[in-house]
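Just below is one structure, and these are the notes that go with it.
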Amino acid sequence: MESPERTANPQTEKLILWSCFLLLCTVVGFVYSTYQEEEDRLATMRLNEKAKEDTFNAIERQREQTARYIDRFTRDPEFVRDQARERLGVAEPGEVVIRLDGGAALAQPAPAPQAKPAPQR
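Numbering (the working numbering), first residue to last: 1018 to 1138.
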């Protein structure tokens, strides 16, 4: 049996194999880094979508509350009367309206007095 003649140098074959291995590692590294960047971008987009959805839900709740408020104004004359009294200070004939400016501050409890430390000798 005759062995086929080798025309390539064994060192050249090793060089080609190592070059292919390094090229493969470079391609895998590039693909992985691109994958990570896209995952980060996708996570950011999901957070933005969640924030927009939360904002939309808050606006929708506010719209529903405003619709109920308007409905109440159109259907309930007693509610209109109460709102006029509270917001505009309107009174029925014979009533006396007393308004306190800064009344919210008066509703707060007074701060507790702090004990003074005994003098040191």
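All C-beta atoms, glycine included, are put in the ideal place defined by N, C-alpha and C.
Go ahead and pull the three-state DSSP assignment for R1116.
Of the three classes helix, strand and coil, the one that applies to R1116 here is coil, per DSSP.
According to DSSP, simplified to helix, strand and coil, what is D1093?
Looking at D1093 - three-state DSSP - the assignment turns out to be coil, as it is neither helix nor strand.
Can you grab the Cα-Cα spacing for the pair A1068 / I1087, in whole Å?
Using only the alpha carbons, I get a separation of about 28 Å.
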